[in-house]
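**Student:** Protein chains in written order, with UniProt numbering: chain Z, 1 to 318; chain C, 1 to 318.
Virtual Cβ for every residue (Gly too), placed ideally from N, Cα, C.
Number of protein chains: 2
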Amino acid sequence: MTTPLFDKVALIGIGLIGSSIALNIRDRGLAGEVAIATRRPETLKRAEELKLGTSYHLDPAEAVAGADLVILCLPVGSCGAAAAAIGPHLKPGAIVSDVGSVKAAVVSAMQPHLPGHVHFVPGHPIAGTEQSGPDAGFLELFENRWTILTPIEGTDPAATERLVRFWKATGAMVETMTAEHHDLVLAIVSHVPHLIAYNIVGTAADLETVTQSEVIKFSASGFRDFTRIAASDPTMWRDIFLNNREAVLEMLARFSEDLASLQRAIRWADGDTLFDLFTRTRAIRRSIVEAGQDTQEANFGRLKPRKDPWNEGSAPGE
Amino acid sequence: MTTPLFDKVALIGIGLIGSSIALNIRDRGLAGEVAIATRRPETLKRAEELKLGTSYHLDPAEAVAGADLVILCLPVGSCGAAAAAIGPHLKPGAIVSDVGSVKAAVVSAMQPHLPGHVHFVPGHPIAGTEQSGPDAGFLELFENRWTILTPIEGTDPAATERLVRFWKATGAMVETMTAEHHDLVLAIVSHVPHLIAYNIVGTAADLETVTQSEVIKFSASGFRDFTRIAASDPTMWRDIFLNNREAVLEMLARFSEDLASLQRAIRWADGDTLFDLFTRTRAIRRSIVEAGQDTQEANFGRLKPRKDPWNEGSAPGE
């Protein structure tokens with residue numbers, strides 16, 4: 001990157017996503033200056049120790065002064081208040097974006113606080129780990145992952161295009177859609193799976209017939225993967241569920257309906273229904289591996305099989 | 001291992017578990033001879049090409065002749081018929097075991113067919129990947145994983161002890177408990193998580209508002225991990241659910257009850273209930289990592305963070 005895409009970027013919030021964006025800007029030269037703002041002095045100090053920006057601020061209004069790109073890297077529930085704080089200080093023509101996992105609610109919360117002279121292009125990089133904080137960020141987080149932009153109707157296409165170029169420079173693939181459609185897609189691929197993972201880990205912890213130490217000891221067979229998901233940041237996820245309520249409740253209703261039908265199949269020993277579903281889901285896994293969205297290594301590469309393990313045509317068990 | 005633990009082992013079925021046991025016997029010298037039996041000629045041929053045994057049989061009765069350890073490495077639903085086939089041909093004093101993920105039903109299915117002069121010590125190595133077939137096996141599959149043995153009341157402790165030594169020689173940790181308790185533990189740590197994973201992948205595939213290609217494209221955020229689990233062997237899992245019905249239905253009822261309460265919390269914007277659960281589940285994850293049952297690498301090591309990522313004390317987002 002020879003010419004930076006932006007003169008000055010302001011990052012409000014410097015957790016996993018914010019620090020990963022900061023590393024991309026720094027190491028790939030995407031902007032001349034990076035102002036970092038965060039609420040807690042100890043987090044700000046850590047960001048400075050990690051050399052994530054060029055200036056550090058406890059007041060977001062101060063950070064956005066003169067910035068031509070402002071990205072809110074905050075839990076969804078904090079975006080409205082942050083927009084109110086920075087609104088009057090935004091430079092005319094600035095692009096304002098965010099990284100929230102929910103879009104319609106963030107748009108409603110932020111838009112009233114943004115002046116007419118800025119371009120509001122909400123965004124969501126579908127990337128993350130179960131870790132949080134400024135130390136969790138890394139340069140490759142967005143590589144080969146999708147970032148979804150949900151520009152408001154009437155937004156200048158040139159502003160959207162400029163933000164697309166920014167995200168592509170981090171290695172991300174970019175797609176645009178409406179905020180409402182984004183929220184439905186994410187409800188099924190992310191929000192409901194997380195809720196279910198949190199839920200089963202909670203159910204297991206509350207059993208009397210099986211002790212918690214047994215659950216921990218014998219977790220290797222499926223449950224363990226749920227606990228990884230259920231270790232995700234509590235604040236962020238609380239905000240997601242409260243802010244994508246309608247879509248989550250709709251998808252959850254379908255999930256529960258389908259689960260009730262599986263429960264019935266088990267009760268009535270209807271093996272065919274189970275077998276048909278289990279065969280269908282295997283094909284979807286194959287598509288995801290083919291689409292490059294996951295590795296085909298067994299057990300996420302935790303274990304090392306001897307050779308090509310995607311042995312789809314083989315006979316099961318015997 | 002200088003003296004083999006057994007003169008002759010017979011493995012009935014040579015899928016992921018069977019072939020991994022065979023590699024352990026071969027590469028660690030745990031037995032003098034290994035007879036392999038499987039129903040399909042092409043699978044048997046593949047086992048021979050991989051040099052997994054010392055003799056190869058389509059008839060399990062032929063394989064068990066003279067064996068002092070017989071392990072059924074079959075889907076749970078096939079164990080009864082296999083026991084009937086081998087029962088009359090077992091050597092007096094032989095130890096008979098299996099690797100099924102369900103124990104009480106397997107005991108009921110097998111025991112009537114086993115002569116009084118053998119030692120029946122059912123077993124379950126809690127190890128596996130989503131792959132199947134004789135090519136999927138590898139030497140390290142059982143290493144640092146638990147194998148549970150559920151000896152029948154009145155079993156000669158010397159026989160159980162001999163099988164414990166065999167499993168420990170593969171690198172496994174071994175625990176004994178009743179078949180009934182095993183089935184409850186596995187229902188919550190394995191069977192219900194698998195059912196839920198299968199279910200949500202099925203739900204996602206059936207949506208009209210979100211296309212299947214969108215589900216595949218944007219799967220990275222949680223859903224993807226469920227698809228790995230939901231790619232597990234359909235026959236094996238159908239048999240597990242049909243054979244551990246009571247325990248699975250009990251755990252499922254609790255799961256659904258808890259999920260209904262989370263659904264209510266979302267509907268009524270009860271953020272505290274969500275936050276409390278999400279904090280509690282994070283602690284359980286930490287215990288699993290501390291117990292050595294999983295790695296703390298972010299995203300199963302799919303992505304590489306810069307430094308120690310288990311940044312538990314850090315502030316979320318902002």
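Report yes or no: is there a C-beta of chain Z within less than 8 Å of the C-beta of Asn199 (chain C)?
**Tutor:** Indexing the second sequence from 1 puts residue 199 (chain C) at position 199. It does: the Cβ of Asn199 (chain C) has a partner Cβ on chain Z nearer than 8 Å.
**Student:** May I ask you to report which of helix, strand or coil DSSP gives Asp68 (chain C)?
**Tutor:** For this step, residue 68 (chain C) is matched to residue 68 along the second sequence. In this structure, Asp68 (chain C) counts as coil in the three-state DSSP scheme.
**Student:** For a contact defined as C-beta to C-beta under 7 Å, what are the partners of Gly87 (chain Z) on chain C?
**Tutor:** For this step, residue 87 (chain Z) is matched to residue 87 along the first sequence. What Gly87 (chain Z) touches in chain C: nothing, since even the nearest Cβ is about 18 Å away.
**Student:** Which residues mark the beginning and the end of the beta strand (DSSP E) in which Lys8 (chain Z) is found?
**Tutor:** Translated into the one-based positions of the first sequence, residue 8 (chain Z) becomes position 8. Lys8 (chain Z) -> beta strand (DSSP E) spans 6 to 12.
**Student:** Among the residues of its own chain, which have a CB less than 8 Å from the CB of Thr273 (chain C), if the five just before and after it don't count?
**Tutor:** In the second sequence, the residue the question calls residue 273 (chain C) occupies position 273. Closer than 8 Å at Cβ, skipping near neighbours: Ser261, Leu262, Ala265.
**Student:** Would you list, in chain order, the members of the segment 219 to 245 of chain Z that have their beta-carbon closer than 7 Å to a beta-carbon of chain D?
**Tutor:** Structure shown: chain D not included; protein chains present are Z and C.
**Student:** Can you tell me whether Phe120 (chain C) is helix, strand or coil according to DSSP?
**Tutor:** The residue you call residue 120 (chain C) lines up with position 120 of the second sequence. Note: Phe120 (chain C) maps to strand in three-state DSSP.
**Student:** Between the segment 277 to 298 of chain C and chain Z, which residues of the former have CB atoms less than 8 Å from a CB of the latter, in chain order?
**Tutor:** Flagged, chain order: Leu277, Phe278, Thr279, Arg280, Thr281, Arg282, Ile284, Arg285, Arg286, Ser287, Ile288, Ala291, Gln293, Asp294, Thr295, Ala298.
**Student:** Determine, using beta carbons only, whether Lys103 (chain Z) and Asp183 (chain Z) come nearer to each other than 8 Å.
**Tutor:** Here residue 103 (chain Z) is taken as the residue at index 103 of the first sequence, counted from 1. Here residue 183 (chain Z) is taken as the residue at index 183 of the first sequence, counted from 1. Contact: yes.
**Student:** DSSP state of Gly80 (chain C), grouped into three classes?
**Tutor:** Residue mapping note: residue 80 (chain C) aligns to position 80 of the second sequence, counting from 1. If DSSP states are grouped into helix, strand and coil, Gly80 (chain C) belongs with the helices.
**Student:** Below 9 Å on C-beta distance, what does Trp146 (chain Z) contact in chain C?
**Tutor:** Working through the first sequence from its first residue, we reach residue 146 (chain Z) at position 146. Within 9 Å Cβ-Cβ: Lys217, Phe218, Ala220.
**Student:** Taking the alpha helix (DSSP H) that Thr203 (chain C) belongs to, which residues open and close that run?
**Tutor:** Residue mapping note: residue 203 (chain C) aligns to position 203 of the second sequence, counting from 1. Looking at the DSSP string, the run of the alpha helix (DSSP H) that includes Thr203 (chain C) is 192 to 205.
**Student:** My output table needs one value for Leu90 (chain C): the three-state DSSP class, helix, strand or coil.
**Tutor:** Numbered from its first residue, the second sequence carries residue 90 (chain C) at position 90. If DSSP states are grouped into helix, strand and coil, Leu90 (chain C) belongs with coil.
**Student:** Closer than 8 Å is the cut-off here; do at least three beta carbon pairs connect the segment 198 to 209 of chain C with the segment 223 to 230 of chain C?
**Tutor:** Short answer: they touch.
**Student:** Verify whether the separation of the beta carbon atoms of Ala37 (chain Z) and Asp59 (chain Z) is less than 8 Å.
**Tutor:** The count along the first sequence starts at 1 and reaches residue 37 (chain Z) at position 37. The count along the first sequence starts at 1 and reaches residue 59 (chain Z) at position 59. Going by C-beta atoms, Ala37 (chain Z) is nearer than 8 Å to Asp59 (chain Z).
**Student:** I need the DSSP call for Pro125 (chain C), collapsed to helix, strand or coil.
**Tutor:** Within the second sequence, numbered from 1, the residue matching residue 125 (chain C) stands at position 125. Three-state result, Pro125 (chain C): strand.
**Student:** Leaving out five residues on either side along the sequence, give the residues of the same chain with a beta carbon under 7 Å from the beta carbon of Glu175 (chain C).
**Tutor:** The residue you call residue 175 (chain C) lines up with position 175 of the second sequence. Only Trp146, Ile148 meet the Cβ criterion.
**Student:** Which chain C residues sit within Cβ distance under 9 Å of Asp258 (chain Z)?
**Tutor:** Residue numbering aside, residue 258 (chain Z) sits at position 258 when the first sequence is read from its first letter. The answer, in chain order, is Asn199, Ile200, Gly202, Thr203, Asp206.
**Student:** Give me the chain Z residues within the contact set of Pro122 (chain C), using Cβ-Cβ distance strictly less than 9 Å, ordered along the chain.
**Tutor:** For this step, residue 122 (chain C) is matched to residue 122 along the second sequence. Ordered by position in chain Z, no residue passes the 9 Å Cβ test against Pro122 (chain C), which lies about 16 Å from the chain.
**Student:** For Phe223 (chain C), which residues of its own chain have a beta-carbon under 8 Å away from its beta-carbon, when the five flanking residues on both sides are left out?
**Tutor:** Mapped onto the second sequence, residue 223 (chain C) falls at position 223. Correct list, in chain order: Ile200, Val201, Ala204, Val215.
**Student:** Please list, in chain order, the chain Z residues whose beta carbon lies closer than 8 Å to that of Arg254 (chain C).
**Tutor:** Numbered from its first residue, the second sequence carries residue 254 (chain C) at position 254. Chain Z residues near Arg254 (chain C): Thr203, Asp206, Leu207.
**Student:** Taking the CB atoms as reference points, tell me whether Gly87 (chain Z) and Leu114 (chain Z) lie closer together than 8 Å.
**Tutor:** Here residue 87 (chain Z) is taken as the residue at index 87 of the first sequence, counted from 1. Here residue 114 (chain Z) is taken as the residue at index 114 of the first sequence, counted from 1. In contact: Gly87 (chain Z) and Leu114 (chain Z) (Cβ atoms closer than 8 Å).
**Student:** Quick one: grab the DSSP three-state call for Trp268 (chain Z).
**Tutor:** The residue you call residue 268 (chain Z) lines up with position 268 of the first sequence. Coil at Trp268 (chain Z), not helix or strand.
**Student:** Since Ala31 (chain Z) contacts Leu50 (chain Z) with CB under 8 Å, what's their CB separation in whole angstroms?
**Tutor:** Counted from its first residue, the first sequence places residue 31 (chain Z) at position 31. Counted from its first residue, the first sequence places residue 50 (chain Z) at position 50. That belief does not hold up - the Cβ atoms of Ala31 (chain Z) and Leu50 (chain Z) are roughly 17 Å apart, past 8 Å.
**Student:** Between the segment 71 to 82 of chain Z and the segment 95 to 112 of chain Z, do at least 3 Cβ pairs fall closer than 8 Å?
**Tutor:** Touching, per the Cβ criterion.
**Student:** Along the chain, where does the alpha helix (DSSP H) that runs through Asp183 (chain Z) open and close?
**Tutor:** The residue given as residue 183 (chain Z) occupies position 183 in the first sequence. Its alpha helix (DSSP H) spans residues 179 to 186.
**Student:** Within 10 Å of its beta-carbon, does His117 (chain Z) have 16 or more other beta-carbons around it, so buried, or fewer, so exposed?
**Tutor:** Position 117 of the first sequence holds residue 117 (chain Z). Exposed: under 16 other Cβ atoms inside 10 Å.
**Student:** List, in chain order, every chain Z residue whose beta-carbon is nearer than 9 Å to that of Arg267 (chain C).
**Tutor:** Residue 267 (chain C) sits at position 267 when you count from the first residue of the second sequence. Simply Arg245, Leu249.
**Student:** For Leu44 (chain Z), would you say it is in contact with chain C, using Cβ-to-Cβ distances shorter than 8 Å as the test?
**Tutor:** Here residue 44 (chain Z) corresponds to residue number 44 of the first sequence, with the count starting at 1. Not closer than 8 Å to any Cβ of chain C, the Cβ of Leu44 (chain Z) fails to qualify, so no.
**Student:** Using 10 angstroms around the beta-carbon of Gly18 (chain Z), count the other beta-carbons present and answer buried if the total reaches 16, otherwise exposed.
**Tutor:** Here the question's residue 18 (chain Z) lines up with position 18 in the first sequence. Gly18 (chain Z) comes out buried.
**Student:** Go through its chain and collect everything with a Cβ distance to Arg165 (chain C)'s Cβ below 7 Å, but skip five positions before and after it.
**Tutor:** As a first step, residue 165 (chain C) is located in the second sequence; it is residue number 165 there, counting from the start. Excluding sequence neighbours, Arg165 (chain C) sits near Leu5.
**Student:** Nearest CA to the CA of Val34 (chain Z): which residue from Z:Pro41, Z:Ile21, Z:Asn243, Z:Thr43?
**Tutor:** Working through the first sequence from its first residue, we reach residue 34 (chain Z) at position 34. Looking at the Cα atoms, Z:Ile21 is the closest of the given residues.
**Student:** Which of helix, strand or coil does DSSP assign to Val189 (chain Z)?
**Tutor:** Taking the first sequence and counting its residues from 1, one reaches residue 189 (chain Z) at position 189. Helix, per DSSP.
**Student:** For Ala47 (chain Z) and Ile14 (chain Z), which I take to be in contact (beta-carbon distance under 8 Å), what is that distance rounded to the nearest angstrom?
**Tutor:** On the first sequence, position 47 is the one that residue 47 (chain Z) refers to. On the first sequence, position 14 is the one that residue 14 (chain Z) refers to. Right, their Cβ atoms sit about 5 Å apart.
**Student:** Within 10 angstroms of the Cβ of Ala253 (chain C), are there 16 or more other Cβ atoms? Answer buried if so, exposed if not.
**Tutor:** Here residue 253 (chain C) is taken as the residue at index 253 of the second sequence, counted from 1. By the neighbour-count rule (16 or more Cβ atoms within 10 Å), Ala253 (chain C) is not buried but exposed.
**Student:** Going by alpha carbons, who is nearest to Cys79 (chain Z) out of Z:Val192, Z:Pro157, Z:Met110?
**Tutor:** In the first sequence, the residue the question calls residue 79 (chain Z) occupies position 79. It is Z:Met110 whose Cα lies nearest to the Cα of Cys79 (chain Z).
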